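Structure first, then comments.
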Amino acid sequence: MSSACEVNFDGLVGPTHNYGGLSAGNVASQCNSQLCSNPRQAAQQGLAKMKLLMDLGLPQGVIAPQERPDLASLRRLGFSGSDAQVIAQAAEQAMPLLVACSSASSMWTANAATVSPSADTLDGRVHFTAANLNCKFHRSIEHPTTSRLLAAMFADPTYFAHHPALPAEAQFGDEGAANHSRFCRDYGAPGVELFVYGRSALDARYSAPQRYPARQTLEASQAVARLHGLSDDALVFAQQSPLVIDQGVFHNDVIAVGNGELLLYHQDAFVHSSKVLDELRDKLAARGGELQAICVPREAISVADAVRSYLFNSQLLSLPDGDGLLLVPQECQEQEKVWRYVQHLADAGGPINRVQAVDLKQSMQNGGGPACLRLRVALKSDELAAVNPGVLLTPLLYQQLSAWVAKHYRDRLCEEDLADPQLLIECRTALDELTQILKLGAVYPFQLAE
Ligand code: SUG
6 MSSACEVNFD
16 GLVGPTHNYG
26 GLSAGNVASQ
36 CNSQLCSNPR
46 QAAQQGLAKM
56 KLLMDLGLPQ
66 GVIAPQERPD
76 LASLRRLGFS
86 GSDAQVIAQA
96 AEQAMPLLVA
106 CSSASSMWTA
116 NAATVSPSAD
126 TLDGRVHFTA
136 ANLNCKFHRS
146 IEHPTTSRLL
156 AAMFADPTYF
166 AHHPALPAEA
176 QFGDEGAANH
186 SRFCRDYGAP
196 GVELFVYGRS
206 ALDARYSAPQ
216 RYPARQTLEA
226 SQAVARLHGL
236 SDDALVFAQQ
246 SPLVIDQGVF
256 HNDVIAVGNG
266 ELLLYHQDAF
276 VHSSKVLDEL
286 RDKLAARGGE
296 LQAICVPREA
306 ISVADAVRSY
316 LFNSQLLSLP
326 DGDGLLLVPQ
336 ECQEQEKVWR
346 YVQHLADAGG
356 PINRVQAVDL
366 KQSMQNGGGP
376 ACLRLRVALK
386 SDELAAVNPG
396 VLLTPLLYQQ
406 LSAWVAKHYR
416 DRLCEEDLAD
426 PQLLIECRTA
436 LDELTQILKL
446 GAVYPFQLAE
């Protein structure tokens with residue numbers, strides 16, 4: 006019996022969820038730019054996924070959204086006056102900046118931070134490094150609030166260590182857990198952490214994509230591993246293929262997913278696949294685990310199919326009854342070839358024996374599938390007991406959050422609506438109430454300022 010578990014902390018979609026076309030290199034974000042969104046439905050779809058995991062008997066947590074539009078960022082960019090005047094000036098003079106400062110992108114909590122469980126770290130604490138996300142302006146403004154939220158959720162320094170985001174330089178581009186997977190025999194056992202990077206900032210011998218940005222650098226991954234006190238025998242660094250980045254694979258979790266001893270990856274995911282696999286296998290074996298690697302060949306699923314269906318952005322879940330569930334986005338079901346492949350996978354007698362599809366269309370249209378919406382934290386029982394209980398999903402909390410969304414969220418948001426100063430008031434009113442529901446204390450700029 007394991008005394009440790011993995012908790013998925015999902016980002017609750019914020020009231021300003023919209024399609025701003027903000028992420029070059031993220032095909033869905035680019036294609037759906039200017040569509041009108043439905044924030045209420047987006048939040049409901051996210052909550053339904055959280056409930057599904059809870060109902061499957063898995064511990065589930067919630068990460069609160071952020072204040073948007075981000076007035077502090079708009080003021081830093083020179084807009085001034087009352088809050089309403091700041092928004093009006095930005096709308097008139099620089100709409101793209103208002104759109105960026107209004108993004109609800111913190112919902113994709115796989116990018117919130119990198120997390121190393123206590124079994125892997127030198128000081129035996131769970132380590133968190135907030136991601137600087139400095140490849141995209143709209144995401145680079147997330148980490149100060151993310152850090153305050155994580156500190157309010159994982160407050161006890163006996164168990165939890167928090168590191169601020171890496172320096173805000175392209176050299177240290179860090180996208181958090183979306184480029185990080187942990188392999189282990191069980192969640193409480195020492196594991197091997199795989200850090201995937203897109204380029205090296207300092208070493209010109211590494212290849213790099215030509216068309217789209219490589220958001221994660223080797224130097225950032227190495228810094229996070231040092232901060233977390235991970236030893237060399239618990240670490241593998243792997244370069245993501247620049248060719249797949251240029252086809253829209255902007256994070257490793259769009260082309261590979263791991264859990265426990267299992268890695269499901271695309272044939273074209275890494276630059277040196279066999280070397281990566283060998284190192285992972287050997288290091289995991291030294292820690293008592295046996296790597297099970299499933300390679301999806303390009304003949305079965307092309308990179309374009311992977312990007313379109315988001316197959317690899319599924320959640321791989323170990324259910325309490327021992328089943329291995331692949332929780333895929335509904336878009337996989339809609340593509341015959343992909344759906345046939347996952348059915349075959351589940352029937353093959355391997356570690357994945359169940360497949361279920363979830364509707365996350367609102368998030369998917371911005372390039373955020375099931376795995377993007379969650380930050381995994383493996384916790385031993387005493388660590389779980391130290392987590393702020395207000396953020397752990399229960400049937401009651403699910404009901405409260407559903408009612409909160411129904412009360413505060415609009416069901417339609419188009420670009421021109423972002424200029425409405427009332428939206429900020431709605432967002433602040435909602436978040437003020439949410440901090441009480443989730444027992445977070447003052448975590449938002451508007452609360453801290455008062
Ligand atoms: O950073 N989309 C996010 C999607 C993040 C997905 N996360 C993981 N793969 N883990 C991004 O590109 C689009 C927002 C817009 O265009 O309005 C956006 O930010």
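Counting from 6, one number per residue, gives the positions in the sequence shown under the working numbering.
We put the CB at the ideal spot given by N, CA and C, even for glycine.
Model, not experiment: these values are computed from the prediction.
Check for me: the beta strand (DSSP E) holding L1 runs from which residue to which?
For the chain, the structure presents residues 6 to 455; residue 1 sits outside this window and is missing.
The segment 161–177 touching the segment 91–102, judged by at least three CB pairs closer than 8 Å
no
Which value, in whole angstroms, describes the spacing of the CA atoms of N31 and G253?
Within the sequence shown, residue 31 is the residue found at index 26, counting from 1. Within the sequence shown, residue 253 is the residue found at index 248, counting from 1. If you take the alpha carbons of N31 and G253, they lie about 6 Å apart.
Counting contacts by CB-CB distance shorter than 8 Å, is L402 in contact with chain B?
Here chain B cannot be found, since the structure has a single protein chain.
Mind the definition here: the segment 50–63 touches the segment 11–21 only if three or more C-beta pairs lie below 8 Å; say whether that holds.
yes
Alpha carbon of L378 to alpha carbon of D422, nearest angstrom:
For the purposes of this step, residue 378 is taken as residue 373 along the sequence shown, with counting starting at 1. For the purposes of this step, residue 422 is taken as residue 417 along the sequence shown, with counting starting at 1. Those two C-alpha atoms are separated by around 25 Å.
Please classify S7: is it buried, with 16 or more other beta-carbons within 10 angstroms of its beta-carbon, or exposed?
Here residue 7 corresponds to residue number 2 of the sequence shown, with the count starting at 1. Model confidence at S7 stands at a pLDDT of 48, short of 50, so the residue's coordinates are unreliable; what they give is reported in the following sentence. Its Cβ having fewer than 16 others within 10 Å, S7 is exposed.
Pick from A29, E11, L40 that is closest to K366, judged by C-alpha positions:
Along the sequence shown, one-based indexing puts residue 366 at 361. Considering only alpha carbons, the answer is L40.
How close, in whole Å, do the beta carbons of D125 and G196 come, if the pair is a contact with beta carbons under 8 Å?
Mapped onto the sequence shown, residue 125 falls at position 120. Mapped onto the sequence shown, residue 196 falls at position 191. That pair is a contact at about 5 Å.
Around the C-beta of Y449, are 16 or more other C-beta atoms found within 10 angstroms, so that it is buried, or is it exposed?
Position 444 of the sequence shown, counting from 1, holds the residue named residue 449. Its Cβ being crowded by 16 or more others within 10 Å, Y449 is buried.
Buried versus exposed call for K342 [16 or more other C-beta atoms within 10 Å across all chains shown]
Start at 1 with the first residue of the sequence shown, and residue 342 comes out as number 337. Looking at its Cβ environment, which holds fewer than 16 other Cβ atoms inside 10 Å, K342 is exposed.
What is the DSSP secondary structure of H185, reduced to helix, strand or coil?
Sequence index remark: in the sequence shown, residue 185 carries index 180 (1-based). Of the three classes helix, strand and coil, the one that applies to H185 here is strand, per DSSP.
Tell me whether H256 counts as near ligand 1, meaning its Cβ is closer than 7 Å to at least one heavy atom of that ligand.
As a first step, residue 256 must be located in the sequence shown, where it is residue number 251. H256 Cβ: within cutoff of ligand 1.
With a threshold of 7 Å on Cβ separation, who are the neighbours of K459 within its own chain once the five nearest residues in sequence on each side are excluded?
Residue coverage of the chain in this structure runs from 6 to 455, which leaves residue 459 outside it and unanswerable.
Can you tell me whether DSSP reads T126 as helix, strand or coil?
Position 121 of the sequence shown, counted from the start, is the residue given in the question as residue 126. Of the three classes helix, strand and coil, the one that applies to T126 here is strand, per DSSP.
Taking just the CA atoms, how far does H413 sit from G55?
On the sequence shown, position 50 is the one that residue 55 refers to. On the sequence shown, position 408 is the one that residue 413 refers to. Here residue 55 is Met; the residue named in the question, Gly, does not match the sequence. Approximately 19 Å between the Cα atoms of the pair.
Counting along the chain, where does the alpha helix (DSSP H) carrying G66 start and finish?
Residue numbering aside, residue 66 sits at position 61 when the sequence shown is read from its first letter. Taken as a continuous stretch (DSSP letters only), G66 belongs to no alpha helix (DSSP H), being part of the beta strand (DSSP E) at 65–68.
Assigned secondary structure, M6 (DSSP; H/G/I helix, E/B strand, else coil)
Along the sequence shown, read from residue 1 onward, the residue named residue 6 stands at position 1. Legend: pLDDT at M6 = 40, less than 50; position of this residue unreliable, value from coordinates given subsequently. Coil at M6, not helix or strand.
Which same chain residues, not among the five before or five after A96, have their C-beta less than 6 Å away from its C-beta?
Residue 96 sits at position 91 when you count from the first residue of the sequence shown. Cβ within range, chain order: L103, A424.
When DSSP builds the beta bridges, which residues end up paired with T134?
Within the sequence shown, residue 134 is the residue found at index 129, counting from 1. DSSP, once it has assigned bridges, lists T119, H168 as partnering T134.
Considering only residues of the segment 362–436, which uninterrupted alpha helix (DSSP H) runs meet the minimum length of 4 residues and lie entirely inside it, listed in chain order?
366–369, 386–391, 400–413
Is L331 buried or exposed, if buried means 16 or more other CB atoms sit within 10 Å of its CB?
Along the sequence shown, read from residue 1 onward, the residue named residue 331 stands at position 326. Under this definition L331 is a buried residue.
Where does the unbroken alpha helix (DSSP H) through S279 begin, and where does it stop?
As a working mapping, residue 279 is identified with position 274 in the sequence shown. Where S279 is concerned, the enclosing alpha helix (DSSP H) stretches over 278–290.
Output the boundary residues of the beta strand (DSSP E) element that contains G263.
Numbered from 1 along the sequence shown, position 258 holds the residue referred to as residue 263. Start and end: 261–264.
When you compare the CB positions of T190 and G294, do they come within less than 8 Å of one another, or not?
Counting from one through the sequence shown, the residue named residue 190 turns up at place 185. Counting from one through the sequence shown, the residue named residue 294 turns up at place 289. Note that residue 190 corresponds to Arg in the displayed sequence, not to Thr. Yes, these two residues count as a Cβ contact at 8 Å.
Spatially closest choice to L321 from C337, A93, L268, by CA coordinates:
Mapped onto the sequence shown, residue 321 falls at position 316. Nearest option by C-alpha distance: L268.
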